[in-house]
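Q: In UniProt numbering, the protein residues as written are 1 to 184. Take this structure, written in structure tokens, and hold onto it; I'll ask about it next.
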């Protein structure tokens, strides 16, 4: 949406978690509503195909960029949001978490096949070396993307449109960027 991502994240049975990113003022307004008022707002702003939604609890937290200085210690490895958080603009947080898990499994399986102590710091450090820079690049890219699309200053709008036109004509580079974003 123009104000930010909105999504239902299915949990189990008919349960889901609702994600509603918006301006701080709008979030405060939503937080001050009772559950019936919140239900009416959800019905107004989410697709009707979801059916009747009954909110049971509501909470809010600010979105912040965080990146651990270290992902590993002996016997411990941080993955996903425990290691890094990213703006939810393009839904890349879960993809980065999947990449972390994939890299960690690869490092651990490889270490085990060579008889290494898989929980040792040198082994886990290989996971950190594989993932830290990639996560930082994606965080920075999403920050840049958000900054470029979250305001309408004329010079920024011009640069943004120029960038979009260049990206549309980028061919191979565009395909590579999409593959990278999708984790392929």
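All C-beta atoms, glycine included, are put in the ideal place defined by N, C-alpha and C. No experiment lies behind these values; they were computed from the predicted model shown.
Can you look up residue 79 in the DSSP assignment and give me helix, strand or coil?
A: Of the three classes helix, strand and coil, the one that applies to residue 79 here is coil, per DSSP.
Q: So, for residue 107: in the same chain, excluding its five sequence neighbours on each side, which residues have a beta-carbon less than 6 angstroms away from its beta-carbon?
A: 126, 127
Q: Check each candidate in 32, 55, 40 and name the one with the smallest Cα separation from residue 14.
A: 55
Q: Would you please state the rounded distance, in angstroms, between the beta carbons of residue 40 and residue 53? I believe it to be under 8 angstroms.
A: In fact, because the Cβ distance is near 10 angstroms, the residues do not count as touching under 8 angstroms.
Q: Could I get the ranges of all uninterrupted beta strand (DSSP E) runs contained in the UniProt domain "FAD-binding" (31–131), with 3 residues as the minimum, in chain order?
A: Unbroken beta strand (DSSP E) runs of no fewer than 3 residues, entirely contained in the UniProt domain "FAD-binding" (31–131), are not found.
Q: Secondary structure at residue 9, three-state DSSP: helix, strand or coil?
A: strand
Q: On the three-state DSSP scale, how would you describe residue 16?
A: strand
Q: Compare the C-beta of residue 123 against all C-beta atoms of chain B and say whether one is closer than 8 angstroms.
A: Although the question refers to chain B, the structure presented lacks it and comprises just one protein chain.
Q: Answer with buried or exposed for residue 78, where buried requires no fewer than 16 other C-beta atoms within 10 angstroms of its C-beta.
A: buried
Q: My output table needs one value for residue 143: the three-state DSSP class, helix, strand or coil.
A: Here residue 143 carries a helix assignment [DSSP, helix/strand/coil].
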